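Notes for the one structure printed next.
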Amino acid sequence: MCFFCKLKKQQKSKVKLVDEKIMSKESDKDSFRHKIIAEKMLQKVDFEKNREKYWKNLLEDNFNEIKHDNIQNNSDNKNIYNEKETDKTNEFHQISVDVARTIKDEGKKENLEKLLIKFAKEHKNIGYCQGMSDIGAFILTIFDKNTAYILFKNAIYFRNRKTSIFDKKLSLMPEISRNQKQTLFEIDRKLFEKVYFVEKDKNIMCDVDFVIFKWFLTYFTRFSSLRLKVWDYFLFYGFDVFYFFTAAILKYFEEDLKTFTSHKNYDDFMLFLGNLENVYIEPYTVVTIVEEYMNKY
1 MCFFCKLKKQ
11 QKSKVKLVDE
21 KIMSKESDKD
31 SFRHKIIAEK
41 MLQKVDFEKN
51 REKYWKNLLE
61 DNFNEIKHDN
71 IQNNSDNKNI
81 YNEKETDKTN
91 EFHQISVDVA
101 RTIKDEGKKE
111 NLEKLLIKFA
121 KEHKNIGYCQ
131 GMSDIGAFIL
141 TIFDKNTAYI
151 LFKNAIYFRN
161 RKTSIFDKKL
171 SLMPEISRNQ
181 KQTLFEIDRK
191 LFEKVYFVEK
201 DKNIMCDVDF
211 VIFKWFLTYF
221 TRFSSLRLKV
231 WDYFLFYGFD
241 VFYFFTAAIL
251 KYFEEDLKTF
261 TSHKNYDDFM
271 LFLGNLENVY
281 IEPYTVVTIV
291 EEYMNKY
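Heads up: the sequence shown begins at 1 in full-length UniProt numbering, then just goes up one per residue.
So this is what it looks like as C-alpha cells:
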C-alpha cells in the first residue's frame, strides 16, 4: 500500500475511532476530539483564546509525568551543567551555540538550555540535534518549563510513535522526502509539476527536498506567522499533517512559483524557497488549503 493510501486510511480510522468512543461515552478526551472535528474548531479564532487549555487536553495522557520532569528543581540539573563546563566539545557545547542563536533573552536562554540538556541526557539514543532549539524555544513561549518538557519530548517522538525524525545521520530524510513528494503528487499534480520542474522522480532527492526537510526539522516553528496553527493541527492529527502544510504553503505561493520555469532561474527558485520561512503567510488561508487537501480523500 502506498504512503498516501496509508495516510488516508489512518485519517479515516481516527475519525471512526472517535465516533465509536463518543457513542459509548467511553472517554471525555475523545469527546473533546469529536467536538473539534464536528465544530471545525481548529479553523476558528476561538481556538486560539483557549489554546493552552486545548493543547493540554490533547496531551493529557502524558501529563501524569510532569511531576517526574521538573526542570526547575531537578537535582540532576547541577550535574548536567558541571558536565557541560568540563567538556566543551560534546553536544552540550552545540546546545549552547544553538540556544544563543535562537534566543537573545538571558533568562529564557537558560530555560531552553536546561530543557535541551535534560532531553539529551535522558534520551541518549537521540541526543541533541540541530532544529531542536527552535522547537523548544517555541514551546517555552506557551507553557511553563515542566509542561514544555513533556510536550517537547512527545513532539520529538512524533507523539505516540516510537521513532523520531532526529538522529545524527538524519536517516529518515529520504523516507520523509518521498512521502512529501507522493502526497503533493496525489493531491495537487499541477503544483507538483511547478515545484519539481527540474527533478520529477519521486525516489530521488533533490535541492527542493533538502529545503523542505529543514522545515520538518524545526517542525515549522520558524514560520512565525503560521507556526501556532501548524501546531494546532500537529497536536490533533500527528506528524503526518506536516505533509499537508508543506503542500499548502507551496500552494499559497503558487503564483510566485509560476515565474520559475526553467533551469536558467533554478538558483533564484531555490533562494525563493529558502526564504519562505521569513515571509508573512496568512495562517487561515493556509489552513483552508490544508482542509481542502485533507478532504480530497
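Positions of the beta carbon are idealized from the N, C-alpha and C atoms, including for glycine. Remember, predicted model here, so these are calculated numbers, not experimental data.
On the premise that residue j lies in contact with residue i, defined as a C-beta separation below 8 Å, what is that separation, rounded to the nearest angstrom?
{"i": "Leu235", "j": "Leu115", "result": "In fact, because the Cβ distance is near 18 Å, the residues do not count as touching under 8 Å."}
{"i": "Phe245", "j": "Phe220", "result": "6 Å"}
Secondary structure at residue i, three-state DSSP: helix, strand or coil?
{"i": "Ser224", "result": "coil"}
{"i": "Gln94", "result": "helix"}
{"i": "Asp188", "result": "coil"}
{"i": "Tyr219", "result": "coil"}
{"i": "Val125", "result": "The sequence given here has Asn at residue 125, not Val. In the structure shown, Asn125 sits in coil (DSSP, three-state: anything other than H, G, I, E or B)."}
{"i": "Tyr280", "result": "coil"}
{"i": "Thr86", "result": "Residue placement at Thr86 is flagged as unreliable, the pLDDT there being 45, under the threshold of 50; a coordinate-derived value is accordingly withheld."}
{"i": "Thr261", "result": "coil"}
{"i": "Gly238", "result": "coil"}
{"i": "Met41", "result": "helix"}
{"i": "Gln130", "result": "coil"}
{"i": "Leu250", "result": "helix"}
{"i": "Phe197", "result": "coil"}
With a threshold of 6 Å on Cβ separation, who are the neighbours of residue i within its own chain once the five nearest residues in sequence on each side are excluded?
{"i": "Lys181", "result": "Lys202"}
{"i": "Gly131", "result": "Leu217 and Thr218"}
{"i": "Glu199", "result": "Cys206"}
{"i": "Ser133", "result": "Asp98, Val99 and Thr102"}
Would you kindly work out how many angstroms separate the C-alpha atoms of residue i and residue j, rounded to a whole number?
{"i": "Lys264", "j": "Ser164", "result": "38 Å"}
{"i": "Tyr157", "j": "Ala100", "result": "25 Å"}
{"i": "Trp231", "j": "Asn154", "result": "13 Å"}
{"i": "Phe223", "j": "Leu276", "result": "8 Å"}
{"i": "Glu91", "j": "Lys229", "result": "31 Å"}
{"i": "Ile95", "j": "Phe213", "result": "21 Å"}
{"i": "Asp46", "j": "Phe143", "result": "19 Å"}
{"i": "Lys168", "j": "Lys56", "result": "30 Å"}
{"i": "Asp105", "j": "Thr147", "result": "20 Å"}
{"i": "Ala38", "j": "Asp267", "result": "45 Å"}
{"i": "Leu42", "j": "Tyr233", "result": "7 Å"}
{"i": "residue 301", "j": "Leu184", "result": "Within the shown structure, residues of the chain are numbered from 1 to 297, placing residue 301 beyond reach of any answer."}
Excluding the five sequence neighbours on either side, which residues of its own chain have a C-beta within less than 7 Å of the C-beta of residue i, listed in chain order?
{"i": "Asn111", "result": "Leu140 and Lys145"}
{"i": "Leu172", "result": "Ile165"}
{"i": "Thr261", "result": "Phe197"}
{"i": "Ile249", "result": "Leu276, Ile281 and Val286"}
{"i": "Arg227", "result": "Phe138, Phe220 and Thr221"}
Kindly list the residues whose CB is nearer than 8 Å to the CB of residue i, restricted to its own chain and excluding five residues on each side of it in sequence; keep chain order.
{"i": "Trp254", "result": "Residue 254 is actually Glu in this sequence, not Trp. The answer, listed in chain order, is Leu191 and Lys194."}
{"i": "Ile135", "result": "Phe152, Ala155, Ile156, Thr218, Tyr219 and Thr221"}
{"i": "Asp188", "result": "Ala247, Lys251 and Tyr293"}
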